[in-house]
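**Q** My structure is below; once you've seen it, I'll send some questions.
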Amino acid sequence: VDPDSTGARLDITYRASSGRHIVVELKRPKLISLDFMTLLTQARKYKNAVEEYYRVTYVGKPIPPLDIYILIGRAPAHYNESDR
């Protein structure tokens, strides 16, 4: 699939497994300007988008559990292990 023609991004994947829906995004390993709050905001956007899709597409049905993983090469700035 040509990402330019479909709008697809090869660094993000979405799958369903055992009733859970999973979003995984791969960040470039050399990124050093990652901020914890920016990553959290991005994860919330994915969550809101998937939930909105289910509300519109499957009206009246429960939204399935959703796991969001953002894989990074190093701990982001302002990250505190207690925020995990």
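Counting in this note's numbering, the sequence shown tops out at residue 156, every number present.
Here a beta-carbon is modelled for each residue, glycine too, at the ideal position from N, C-alpha and C.
Got a sec, what are the start and stop residues for the beta strand (DSSP E) Tyr130 sits in?
**A** From DSSP, Tyr130 is part of no beta strand (DSSP E); its letter is neither H nor E.
**Q** Whose C-alpha, out of Arg146, Ser154, Tyr141, is nearest the C-alpha of Thr113?
**A** Nearest option by C-alpha distance: Tyr141.
**Q** Taking the runs of the beta strand (DSSP E) that are 3 residues or longer, which of them lie wholly in the stretch 87-119?
**A** You should have 92-98.
**Q** If you run the structure through DSSP and keep just helix, strand and coil, what is Ala149?
**A** The answer is strand: DSSP assigns Ala149 an E or B state.
**Q** Hey, quick one: how far does the beta strand (DSSP E) through Ile140 stretch, first residue to last?
**A** First-last of the beta strand (DSSP E) with Ile140: 138-143.
**Q** Here's a check: name, in chain order, each residue in its chain whose Cβ is nearer than 6 angstroms to the Cβ of Asn120, leaving out the five neighbours to either side.
**A** Closer than 6 angstroms at Cβ, skipping near neighbours: no residue.
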